[in-house]
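Here the protein sequences line up with chains H and L, keeping their order. Every letter in the first sequence is one number past the one before it in the numbering used here, and letter 659, counting from 1, is 646. Just so we're on the same page, the numbering used here is the position in the second sequence counted from 1, plus 530.
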Amino acid sequence: MKVTYNWLKEYCDFKLSPEGLAEVLTGAGFVVAGMRATPDGDHVLEIEVTSNRPDCLGVIGIAREMAALTRNPLKPPPLRYNAGKKAVEVKVTVEEPELCPRYTARVLRGVKIGPSPAWLQQRLEAVGLRPINNVVDVTNYVLMEWSQPLHAFDLDRLEGKEIIVRRALSGERLVTIDGAKLDLNPEVLVIADTSRPVALAGVMGGRDTEVHEGTCNVLLESARFGPATVRRMARRFGLKTESSYRFERGVDIEGVDLASRRATALILELAGGEAAKDSVDVRTVVGARHAVPLRLSRLNAVLGTNLEEEAVRDTLCRLGFEIKGGKRGVLEVAVPSFRGDVAQEIDLIEETARVHGYNNIPTNTGLPIHVSPIGRQERVEERVRGLLAGCGFFEAVTYSIVEGNETGRAGLFPGGSPLRIRNPIRAGEDCLRQTLLGNLLQAKRHNQDYGTPRVRLYELSKVYLPEEGQKLPMEKTCLGILYEEDLTVIKGQAGKDPFYALKGLMEGLLSALGAKGDIRWEGLANPFFTRERSCKVNLGGEPLAILGEVSEEIVKAYDLRDTPCLAEINFDLLVEKADMTSTFQRLPLYPPIDRDVAIVVDEGVTWAEVESCVREAGAKFLEKVEFFDLYRGKQVPPGKKSVAFRIHFRTPDRTLTGEEADRAQGLIIESLSKALGAVLR
Amino acid sequence: MKEALLELREKALEELKSLRSAEELELFRVKYLGRKGLLSEYMAQLSTLPPDEKRVVGKLANEIKVELTRGLEEACRGVLQYAPAKVSPVIDVSLPGHIPPRGRTHPLVQTIQEIKEIFGRMGFQVVSGPEVELEYFNFEALNIPPDHPSRDDFDTFYVSDDVLLRSQTSTVQIRVMQKQKPPIRIIAPGKVFRPDTVDARHSFMFHQIEGLMVGGSTAGEGVNFGHLKGVLSLFIKTYFGPDTRMRLRPSFFPFTEPSAEVEISCSLCKGKGCSVCGGSGWLEILGAGMVHPNVFKAVGYDPEQYTGFAFGMGVERIAMLKYGIDDIRLFFENDVRFLAQF
């Protein structure tokens, strides 16, 4: 909202420079976002008014604030005018009193339309309005002064000299002052004469009945229209006007008539003519001043201050509130009609604090001690982030809203139809993601395009899974990982296979978190991954993760030059199963005996089978079995492979003998041979 | 015998100077200090001397032994300094070492972590809430009735008539207070969504941190506006530096009253005015206020019994100010050249 310095000073004579004024207003919650000098030596201030203060969308409102802030009297302009002898002779009917609680009409006859005087034109231009003619300019001037929109009709063009506030009929049309042709319907509130709509209530007047050069008699409308109604209409027709802006925020029910009087006085002064001796006022809302009790003790308890009753009383009075006595320590505060935002005690406390100055309220750092526990989730997150950073992973943060086709591919959680946004900002980008994998691939692609061919990324974020019969989706925190080897490492190189690198990372993660439960690695069929080099992981019987090498189809779809490995992990499950408490175990007193064994088995035999066979062979003293090599080559027949591993034997109470280890090892080899057809190499 | 010993010392010290290799050093050690070396020979003869002389000469022999041992050690060090050149070639220590890979936590997450930590020390616990939320938690319970003009300030993505993507983390206040009785000290970091067209300053997804402290209204445990200022000033001085000044000006949020916009002195120009602070010398960094009684009523707290404050800040804005980042989109592109800077 724009006001000028001189205009403001007419109604409150504060001793401040324009800069000083800007500072005081900003400090009281009316941010002066800009200021410029005008050619006629005035200054225009651009003021941001919060949505709860429609009364300050006019010069008078701001002047009242200045009166309180600088402790100077408020001097509002005179509202008296000399009325003529003739009556209004206009009929006003309000068919929708809910949507139009008050409608006033004044009539001015024999006005002379012409340009406004220079001072008026300059002020309008300063606040961003175009001067039209003296009558229209006065309505705009009073709007900017009282925050009350007005409209002047050419009375002779109103059929039947009648005003009807009603809903539009289907099929009715209105051409507005700015030439837009609007098709109306019963959702729209209009001002009509006996034959047609002549204005869009509270938004804009019609062209047919506007005041023009030849206008002689004027009907001056000042009314209040319902905020929601005006808001809907302004949105529907894309018409945001100074008028609709104020009605949406609510105008003062009493100000309706005050502004009308002020405008009448100004029109008589600038355009001559004669005002009707009476006016029409159709009103359904009685603006009784409600009283709000304010307890001084409560005020000081909320603010942490020691304000005296007298100072509080003075501040509120200057803001236009009336104090009606009350008990000791309790002020009975009557709220003026223009302060629709003040309904309860806390509103008065805020008013007092605002004028007193927030920066004058003492700062209190004496808080009682309070220990905040660190949550399990937080601890796990911290450990995982540390571990991944140490392994060279950069954390990504990507958008939760994705394109429709992204969600066609399911990650860890089954896809299904995603949650869609009704009002996306870009068509097509309207789905809430159900996997992080697509976002990670996009981030990889971005890096590839900007000179980083290989990356390691992860994201710890939510996916959104709609649930049958539930309004809100299940929000699952997932850990998505995109892994690539350094440029120097070639795929398939012994011990550097990226699949096993990622699997190893996963195992490292589980062990770092002390994840409790049976871990199983199984094959996976998911279009994100190649069939041969991917797997799913179950922890304690629940799906924990999927991981593997990205399929050719995906590499193409994302236009990648490399084939990264991906993993998606159910982080909530990981948090649930994590056990990061440590317990001490006595270090063994006696040395182990280690035995390296290499066996030849069929290709189809898995390490998991070998390992469990070793464990279940019934060998005494078995402490640990560790895989160390897989070999296919000259010394191994086709269709077979050689698996090498190390077995540790130990007993806690003495040193084992070689013979004991031999016996145990023999048992194991026998069992491997029986169960898996293994041959010692 | 004393003279003989002194002569031996003289000779040995002279010889020591000429030693140039490990072999020569070893020979010297054997000759003088070895088990059958010259010094040992003299020591063996000590027993033949009268007691007085034995004491003096013994002492001298020992002193010489210590001196020669030290001298030999020193010579060793000297000789071995040259020695490696002969054994293997000198490495080029200026060649780069093998730097272990090091990733980073995302700068937005780092910012959240730092803020969390500061509030954690003041007893605030970290909580979270859903990102897809019922309209009730985003608006009604926060004293924002339907058709209220302030809903314009929180433009929102809708999933259905009453389900939306939360446009503010204040939703978590309600969820926590519904479950828990005061005293409460929480902060809730998380994602929020607003249908803004993406540009250097705007993003349809960003992060906020909400804070809430509620206490009894009686003396001693009451939480008032002065505490709000106290907690925020401690945070600001810890996070932005001890010289940072803070000021509050009245503002309007439906869920707090009195409400305040909190500004800090611009760290770039020290309050003189620059392009970052728009010439004002001050930067808006968070919104705050005393919890509105209607919000307490919505969660079933008696506003007469409890008072509290709430605040909310934009994580992107704070990170951008702290690091001087001029484009919000960088946070979501995940270019490792960007991520590696933090």
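Every residue gets a Cβ at the ideal spot worked out from N, C-alpha and C, and that includes glycine.
inquiry  = Can you tell me whether cysteine 799/L is helix, strand or coil according to DSSP?
reply    = coil
request  = Report yes or no: is there a C-beta of chain H within less than 8 Å of the C-beta of glycine 601/L?
outcome  = no
ask   = Counting contacts by CB-CB distance shorter than 8 Å, is serine 38/H in contact with chain L?
value = Output row for serine 38/H: interface = yes.
Limits of the unbroken beta strand (DSSP E) element including glutamine 738/L = 735 to 746
inquiry  = Quick check on DSSP: helix, strand or coil for asparagine 525/H?
reply    = strand
key: For glycine 626/H, the nearest candidate out of Glu590/H, Trp594/H, Glu610/H, Pro639/H (CA to CA)   = Glu590/H
request  = Check the Cβ of arginine 51/H against every Cβ in chain L and list those closer than 9 Å, keeping chain order.
outcome  = Against chain L, a Cβ distance below 9 Å from arginine 51/H picks out nothing, because the smallest value is about 15 Å.
request  = For phenylalanine 795/L, return the contacting residues in chain H, with the cut-off set at a CB-CB distance below 8 Å.
outcome  = The residue you asked about is not phenylalanine; residue 795/L is serine in the sequence shown. Under a criterion of Cβ atoms nearer than 8 Å, no residue of chain H is adjacent to serine 795/L; the nearest Cβ is some 13 Å distant.
request  = Give me the Cα-Cα distance between phenylalanine 632/H and glutamate 598/H, rounded to the nearest whole angstrom.
outcome  = 9 Å
Chain-order list of residues whose beta-carbon lies under 7 Å from that of glutamate 540/L (same chain, five-residue window excluded) = none
7 Å Cβ cut-off: residues of chain L touching alanine 346/H = This sequence places asparagine at residue 346/H; alanine is not what is there. Those within 7 Å of asparagine 346/H in chain L are Arg777, Leu778.
Under 8 Å between C-beta atoms of proline 136/H and serine 157/H = Not in contact: proline 136/H and serine 157/H (Cβ atoms no closer than 8 Å).
C-beta neighbour in chain L for cysteine 378/H, strict 8 Å = yes
ask   = Is any beta-carbon of chain H found at less than 8 Å from that of leucine 638/L?
value = yes
task = Under 6 Å Cβ to Cβ from alanine 481/H, same chain only, skipping five residues before and after it: list those, please.
result = Note that alanine 481/H has pLDDT 48, beneath the 50 cutoff, so the model's placement of it is unreliable and the number below is only indicative. Within the same chain, alanine 481/H has no close Cβ partners at all.
task = Check the C-beta distance from tyrosine 618/H over to leucine 428/H and give it rounded, since I have them as a contact under 8 Å.
result = Not a contact, Cβ separation roughly 35 Å.
query = So which residues of chain L does serine 359/H contact, with C-beta pairs closer than 7 Å?
reply = Gly650, Gly653, Phe654, Gln655, Arg715
ask   = Taking DSSP as the reference, what is the three-state secondary structure of glutamate 83/H?
value = coil
key: Contact list for the stretch 89 to 121 of chain H against chain L, Cβ threshold 9 Å   = none
request  = Specify, as a first and last residue, the run of the alpha helix (DSSP H) that arginine 650/H falls within.
outcome  = 645 to 663
key: Neighbouring residues, chain L, relative to valine 320/H (Cβ below 8 Å)   = The premise fails here: valine 320/H is roughly 16 Å from chain L at the closest Cβ pair, so nothing lies under 8 Å.
task = With DSSP as the reference, label tyrosine 470/H as helix, strand or coil.
result = Strand.
From Asn39/H, Ala383/H, Leu406/H, residue whose alpha carbon lies closest to that of proline 214/H = Looking at the Cα atoms, Asn39/H is the closest of the given residues.
inquiry  = Less than 8 Å between CB atoms is the rule here; does lysine 759/L satisfy it with respect to chain H?
reply    = yes
request  = Within 10 angstroms of the Cβ of cysteine 304/H, are there 16 or more other Cβ atoms? Answer buried if so, exposed if not.
outcome  = exposed
key: Span separating the alpha-carbon of arginine 110/H from that of valine 129/H   = Rounded to whole angstroms, the separation of the alpha carbons of valine 129/H and arginine 110/H is 11 Å.
query = Is the beta carbon of arginine 423/H less than 8 Å from the beta carbon of glycine 402/H?
reply = Sequence inspection shows leucine at residue 423/H; the arginine mentioned does not correspond to that position. In this structure, glycine 402/H does not lie closer than 8 Å to leucine 423/H by Cβ.
inquiry  = Three Cβ pairs or more, each shorter than 8 Å: is that satisfied between the stretch 805 to 821 of chain L and the stretch 767 to 787 of chain L?
reply    = yes
key: Top-ranked residue by Cα proximity to glycine 653/L, from Ile361/H, Gln622/H, Glu338/H   = Ile361/H
request  = Could you tell me whether the Cβ atoms of valine 592/H and arginine 668/H are closer together than 8 Å?
outcome  = no
key: Where the stretch 431 to 452 of chain H meets chain L: residues whose CB sits under 7 Å from a CB there   = His433, Asn434, Tyr437, Thr439, Val442, Arg443, Leu444, Lys449, Tyr451
key: Contact with chain L by serine 387/H, beta-carbon distance below 8 Å   = Using beta-carbon distances, serine 387/H counts as an interface residue toward chain L, with a partner under 8 Å.
inquiry  = Among Thr550/H, Gly415/H, Phe486/H, Asp549/H, whose alpha-carbon lies nearest the alpha-carbon of lysine 523/H?
reply    = Phe486/H
Neighbourhood of glutamate 149/H by C-beta, 8 Å cutoff - its chain only, sequence neighbours within 5 removed = Val77, Lys78, Val79, Thr80, Asp180, Thr181
key: Spatial neighbours of serine 231/H in its chain, beta-carbon cut-off 7 Å, leaving aside the 5 residues before and after   = Closer than 7 Å at the Cβ level, and outside the excluded window around serine 231/H, lie Gly189, Val190, Val217, Ala221.
query = Listing by chain order, which chain L residues have their CB less than 7 Å from the CB of threonine 57/H?
reply = Residues of chain L whose Cβ lies closer than 7 Å to the Cβ of threonine 57/H do not exist; the shortest such Cβ separation is about 16 Å.
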